[in-house]
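Residue numbers (the working numbering), protein chains in the order written: chain G, 1 to 284; chain B, 285 to 410. Glycine is no exception: its CB is placed at the ideal position from the N, C-alpha and C atoms. Working notes, beginning with the structure itself.
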Amino acid sequence: MISQRAGLPIVKFSVRVYQTLLFAYPTKFQYEYGSQMVQVFQDCCLRALRQDGTNGMFKLWAVTFLDLIQSVISEHAQKEIEMKKEMKPEDIRMAGWALIWGALAFVIGNLLLFVRGPLWNFSVILIVFLSMPLLIVGLLAVRNRYGEKVGAFGKNILLIGLILGPLMTFISLFGINDPGRLLGLLFIIGPSVLFACLALFGLVALYKKPLPRWNAAPLFAGVWYPIIILIYVVVSMRTGFDSDANISILGVGSSILFPIQGIALVAMGYILKSDMPEETAAPA
Amino acid sequence: MTQTLQTPEEFLPLTPAVFNILLALADGEKHGYGIMLEVEANTKGQVLMGPGTLYGSIKRMLQADLIEESDERIDPEMDDPRRRSYYRLTDLGRRTLRMEAERLVSQVQIAKTKNILATDFLRGVP
Numbered sequence: 001m002i003s004q005r006a007g008l009p010i011v012k013f014s015v016r017v018y019q020t021l022l023f024a025y026p027t028k029f030q031y032e033y034g035s036q037m038v039q040v041f042q043d044c045c046l047r048a049l050r051q052d053g054t055n056g057m058f059k060l061w062a063v064t065f066l067d068l069i070q071s072v073i074s075e076h077a078q079k080e081i082e083m084k085k086e087m088k089p090e091d092i093r094m095a096g097w098a099l100i101w102g103a104l105a106f107v108i109g110n111l112l113l114f115v116r117g118p119l120w121n122f123s124v125i126l127i128v129f130l131s132m133p134l135l136i137v138g139l140l141a142v143r144n145r146y147g148e149k150v151g152a153f154g155k156n157i158l159l160i161g162l163i164l165g166p167l168m169t170f171i172s173l174f175g176i177n178d179p180g181r182l183l184g185l186l187f188i189i190g191p192s193v194l195f196a197c198l199a200l201f202g203l204v205a206l207y208k209k210p211l212p213r214w215n216a217a218p219l220f221a222g223v224w225y226p227i228i229i230l231i232y233v234v235v236s237m238r239t240g241f242d243s244d245a246n247i248s249i250l251g252v253g254s255s256i257l258f259p260i261q262g263i264a265l266v267a268m269g270y271i272l273k274s275d276m277p278e279e280t281a282a283p284a
Numbered sequence: 285m286t287q288t289l290q291t292p293e294e295f296l297p298l299t300p301a302v303f304n305i306l307l308a309l310a311d312g313e314k315h316g317y318g319i320m321l322e323v324e325a326n327t328k329g330q331v332l333m334g335p336g337t338l339y340g341s342i343k344r345m346l347q348a349d350l351i352e353e354s355d356e357r358i359d360p361e362m363d364d365p366r367r368r369s370y371y372r373l374t375d376l377g378r379r380t381l382r383m384e385a386e387r388l389v390s391q392v393q394i395a396k397t398k399n400i401l402a403t404d405f406l407r408g409v410p
């Protein structure tokens, strides 16, 4: 009887939806317990349907949804604690270097991009496939190392930037040849989102002072790119994307402000790689 | 390098989820759904554990060595051909459950000595 009921559309549909929602859990947890959780949820569906019909299913979903939200938050928090425990001095040093090289690749990529020479394709590869992954690794380590002192807002906003920014940049590759359209614009909006979130993290860091020195570095590392891009997009909407005004905005941005941003990012990488946890710091 | 063995005291007081799972496994091994049903029955429906809370707790209890996975097999009482993972108490889990139960009993004893369970208590009579 039970296996016949398991084929009912409402049960099948509920199980399919639940299976999809499991993607919200950390990958390792999904891999270890996902199939068992789906099995238990299916058993619960069958019991709810048998005892209370469709009403029972609604009640079950209400309970399950709350359980899902609560446990997803709890598992991610747990994962973060485990990651922190696992982060060795070598990992921190490597992440610091990733931030330094990511910053250099980003500045060089943008300089080449706005010069619009024959190296245009190379600059796209440099920004999307080299600098973005390196910056993600470096900034995740910054969040991991200093997030606790900065507090929940700073930590969460940086995480949002680290997810949305690279995602938008990657999506933009499907429209990279048309910078006037939204898809093409994402190529510059994506990094703007990432750096705007870093700037907000930096703003909080100015007050909380989590870094051992140069606490203004995160703000300087984040603020310039979004400002330049915001001005560029606003001016472009009025004068067109290839107007003289726009070219001078990009000229100032790429020649002065992006290098400043790059220096600030390199400074953050340097701080990170030289700031070992006290208990594991190598003896002098 | 020295390895410290965990003691039951380190886990006390237990969270309601962990206590109820240990209690459900006290009389023998069970699979996830079996644990869920037992917890619901033991608490008269007051503790409703969803799959997320259940397996999140199971994961942490396995890490803490309070329970262990016994084997994977089909439950003959359920008309479901899929295999299920069964869990059982470890020695540490058994001792931890015992200590938590003793702790709760001593709390109830205090409640009794303060006449909290007497009929007059709700009327505000000291």
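Q. With burial defined as no fewer than 16 other Cβ atoms inside 10 Å of the residue's Cβ, what is the status of Arg16/G: buried or exposed?
A. exposed
(Q) In whole angstroms, give me the CA-to-CA distance for Gly334/B and Met320/B. (A) 8 Å
**Q.** Local conformation of Lys314/B per DSSP, three classes
**A.** strand
Q: Can you pull the chain G residues whose beta carbon is under 7 Å from the beta carbon of Arg387/B, in chain order?
A: Within chain G, no residue comes near Arg387/B; the closest Cβ sits about 24 Å away, beyond 7 Å.
Q) How many whole angstroms separate the CB atoms of Ala105/G and Gly138/G, which I take to be in contact at a CB cut-off of 8 Å? A) That pair is no contact at about 11 Å.
Q.
Across the stretch 183-194 of chain G and the stretch 166-175 of chain G, are there enough close Cβ pairs to call them in contact, namely three or more that are closer than 8 Å?
A. yes
Q) In three-state terms, what does DSSP make of Leu373/B? A) strand
Q: Determine, using beta-carbon pairs with one atom in the stretch 26-34 of chain G and one in the stretch 355-362 of chain B, whether at least three such pairs fall under 8 Å.
A: no
Q. Out of curiosity, what's the CA-to-CA distance linking Leu194/G and Leu158/G?
A. 8 Å
Q. Between the beta-carbon of Gly222/G and the beta-carbon of Gly190/G, is there less than 9 Å?
A. no
Q | Pair within 9 Å by beta-carbon distance, Ala264/G and Ala217/G | A | yes
Q) To which residues does DSSP link Arg357/B through a beta bridge? A) Arg368/B
Q. Which of helix, strand or coil does DSSP assign to Ile231/G?
A. helix
Q) Beta carbon of Pro210/G, beta carbon of Tyr146/G: below 9 Å? A) yes
Q: Have a look at Phe122/G and Lys149/G and give me their C-alpha separation to the nearest angstrom.
A: 39 Å
Q) Should Ile108/G be listed as close to the ligand MG, given that the test is whether its C-beta is under 8 Å from any heavy atom? A) Inclusion of the ligand MG in the displayed structure is not the case, the ligand content being empty and no account of it being possible.
Q: Have a look at Ser369/B and Gly316/B and give me their C-alpha separation to the nearest angstrom.
A: 7 Å
Q.
Looking at Gly102/G: is its Cβ nearer than 9 Å to the Cβ of Gly253/G?
A. no
Q: List the whole-angstrom C-beta distance separating Ala267/G from Trp214/G, where the pair is believed to meet the contact cut-off of C-beta under 8 Å.
A: 6 Å
Q. Looking only at its own chain, which residues have a Cβ that is under 7 Å from the Cβ of Ile136/G, when we skip the five neighbours before and after it?
A. Leu162 and Pro166
Q: Please report the residue range of the alpha helix (DSSP H) in which Gln347/B lies.
A: Pro335 to Gln347
**Q.** Cβ-based neighbour list, Phe303/B, same chain, cut-off 8 Å, excluding 5 preceding and 5 following
**A.** Leu381 and Glu384
Q.
Counting only C-beta atoms, is Gln39/G closer than 9 Å to chain D at any point?
A. The structure shown contains no chain D; the protein chains it does contain are G and B.
Q) Going along chain B in order, which residues have a C-beta closer than 7 Å to the C-beta of Ser74/G? A) Gly340
Q.
Check whether the stretch 37-50 of chain G and the stretch 332-352 of chain B are in contact - that is, three or more C-beta pairs closer than 8 Å.
A. yes
Q. In whole angstroms, what is the alpha-carbon distance linking Arg378/B and Leu198/G?
A. 49 Å
**Q.** Residue burial classification, Gln290/B (beta-carbon count within 10 angstroms, cutoff 16)
**A.** exposed
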